[in-house]
Amino acid sequence: MTRRSAAELSPTDIEFDHTPETDQSFENALANARGRERLTVDDAVELLTTGTDSEGIDPRRKEQVLEAADRRRAEMVGEDVTFVANLNNNVTTACNVGCLFCNFKNSAHAFEADSDADHAGFTKTPAESREIVDDALDLGISEVCSVSGLHPAFALDDEHHEILAGYDEPAREVNYKPPAQYTTDPGTYTDQISAMSLEGIHVHSMTPEEAYHARRGTDWSYQHVYGRLREAGLDTAPGTAAEILVDEVREVICPGKITTDDWLEAMEGAMAAGLGTTATIMYGHVENEMHRAMHLKRVRDLQDRTGGITEFVPLSFVHENTPLYRHGVVDGGASDAEDELMIAVARLFFDNIDNIQSSWVKYGNAKGLKLLNCGANDFMGTILSEEITKRAGGSYGEFRSVGDYVEMIDAIGRRPVERSTDYRTTHPIELDGGPYGPTLGPRADGTPMLPTETPLSADD
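Counted the way our numbering counts, the sequence shown spans residues 10 to 469.
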């Protein structure tokens, strides 16, 4: 299947070779999980479905899985709940890939200088990115995270510009147009990374998809690309753009994106260049539990080979404004029970990744806190600006202060701990009545991030 438009896609057209059927039983899978056996794909399917012997999720069995995962979390990482003081600075929404689960991008044609198309997107220059990060440093952040659209004028560096411009038909052959054709020049990837790399701030950027864009039209390896980015100031790479690491799913939801093998190759290249990484899954759309389990296996195998993944981040599909939902291909996202089981089974499956994240951006405060009792131990970051989920229809806001974290984490009887991106530096927060602020950033001194912070309700 190689469709690019959700309007051309009907749910009845989607047929998968991989289906949630196993020769395992739920009881055996649960026993394996409780006994700390290394789980198989079939084990994971049984746990994610609470047994393939019946339809729907069985509430009693689900609680057994959640209990096992919460116990495993306590054994592996203890009772602390971590978070990072960070800023999201996404450089551009210009992108022509056409992923059907995404409403973040805007057609890159709309950004051209001679276009009269109306759009709400943006492109930031390196100087603008530097100013944004500089201002956020005063608020105490220790990390800037940057994930962007694949702007046709974006190249790794000046050498890459020359290579791409040398093609006979660069727009068609390598998705390249020179910066002069656009209203705003995004600079190069190395320019942007260098601009954001201020005073020891941790720069977390360049997904495998972006790395593919930064090497298009060349014979460069991913290790070479990530090596150049590391020289420019990149510290770690986010393992997003993973979606579901099964190509028959990718062919439906993101046929223009890199394949599973490309994603894995890029991740290995980043780690070979000396960068730590994270890994994600974006679930709750057209995939089934077998696909989710296969994804977990591919990430675990990658970690066996590299050891460089610091955390796993389940991302529940936010559907409201996406092409998949608008055209009736899906009628919603994952259920609460599916979210709980995704977190729990990730914890039980990954015997080689310590940290599992619960995202308040995707789940909200109340459910996000509950997921910390289903196997997760990390509660994301302060964010300060969040565009991707918001544009897809997310409604849980763009910012959580250190004070918010203290209030919420204390409410479930756990200890809040500010962490660095790589988890190597941590600062447990003493509950002394506050006010509370970040402490690990280059300019952090414990001052609250914003002058007037109103704590958020856990039901927000």
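Don't be surprised by glycine CBs; every beta carbon is placed ideally from N, CA and C.
Asked: Rounded to a whole number of angstroms, what is the C-alpha to C-alpha distance between Gly377 and Trp369?; Found: 5 Å
Asked: Helix, strand or coil, according to DSSP, for His211 in the structure here?; Found: strand
Asked: Among Gly337, Asp313, Arg301, Ala189, which residue has its Cα nearest to the Cα of Ala355?; Found: Arg301
Asked: Unbroken beta strand (DSSP E) runs of length 3 or more, entirely within the region 184-252: which are they?; Found: 211-214
Asked: Are Ser206 and Gly248 closer than 7 Å when you measure CB to CB?; Found: no
Asked: In its own chain, which residues sit with a C-beta less than 6 Å from the C-beta of Ala279, not counting the 5 before and 5 after it?; Found: Tyr235, Ala246, Thr286
Asked: Mapping the DSSP letters down to three states, classify Ala401 as helix, strand or coil.; Found: Low confidence applies to Ala401: its pLDDT is 37, below 50, so where it sits in the model is not reliable, and the reading given next is rough at best. Ala401 falls in the helix class under three-state DSSP.
Asked: Please classify Glu121: does DSSP put it in a helix, a strand, or coil?; Found: strand
Asked: In the structure shown, what three-state DSSP assignment does Tyr432 receive?; Found: coil
Asked: In terms of residue numbering, what span does the alpha helix (DSSP H) encompassing Met85 cover?; Found: 68-86
Asked: How big is the Cα-Cα spacing for Glu320 and Pro161?; Found: 31 Å
Asked: For the 8 Å Cβ check, are there 3 or more pairs between the region 56-74 and the region 21-41?; Found: yes
Asked: Given a threshold of 16 other Cβ atoms within 10 Å of its Cβ, counted over all protein chains shown, does Leu440 qualify as buried or as exposed?; Found: exposed
Asked: Rounding to the nearest angstrom, what Cα-Cα distance links Ser151 and Phe131 in this structure?; Found: 25 Å
Asked: Report the option in Glu219, Val212, Gly226 whose CA atom is closest to the CA atom of Glu240.; Found: Val212
Asked: Could I get the ranges of all uninterrupted alpha helix (DSSP H) runs contained in the region 294-341, with 4 residues as the minimum, in chain order?; Found: 298-315, 332-335
Asked: Sort Ser325, Arg45, Asp419, Asp256 by Cα distance to Arg307 and report the nearest one.; Found: Asp256
Asked: For Cys104, which beta-bridge partners are listed by DSSP?; Found: Looking at the DSSP assignment, Cys104 forms no beta bridge with any residue, so it has no partner.
Asked: Taking the alpha carbon of Gly196 as the reference point, which residue from Ile23, Thr101, Arg47 has its own alpha carbon closest?; Found: Thr101
Asked: Whole angstroms is fine: what's the gap from Lys371's alpha carbon to Asp177's?; Found: 43 Å
Asked: Report the partner residues of Ile290 according to the DSSP bridge assignment.; Found: Pro323
Asked: For Gly442, is the classification buried or exposed, using 16 other Cβ atoms within 10 angstroms of its Cβ as the cut-off for buried?; Found: exposed
Asked: Could you pull the start and end residues of the alpha helix (DSSP H) that Met351 belongs to?; Found: 345-358
Asked: Contact check, Ala250 vs Pro217 under 8 Å by CB: the rounded distance?; Found: 5 Å
Asked: What first and last residue would you give for the beta strand (DSSP E) that runs through Ser155?; Found: 152-155
Asked: Helix, strand or coil, according to DSSP, for Glu395 in the structure here?; Found: Confidence at Glu395 is low in this model, with a pLDDT of 39, below 50, so its placement is unreliable and the value that follows should be read with caution. If DSSP states are grouped into helix, strand and coil, Glu395 belongs with coil.
Asked: Do Ala353 and Gly316 have their C-beta atoms closer together than 7 Å?; Found: no
Asked: Roughly how many angstroms separate the alpha carbons of Glu121 and Asn99, rounded to a whole number?; Found: 19 Å
Asked: Could you tell me which of Glu72, Val106, Cys263, Leu146 sits nearest to Arg452, measuring between CA atoms?; Found: Leu146
Asked: Identify, in the order they occur along the chain, each residue of the same chain with its Cβ nearer than 7 Å to the Cβ of Met10, setting aside the five sequence neighbours on each side.; Found: Note that Met10 scores 37 on pLDDT, short of 50, meaning its location in the model is unreliable and no value can be drawn from it.
Asked: DSSP three-state label for Asn386, please.; Found: coil
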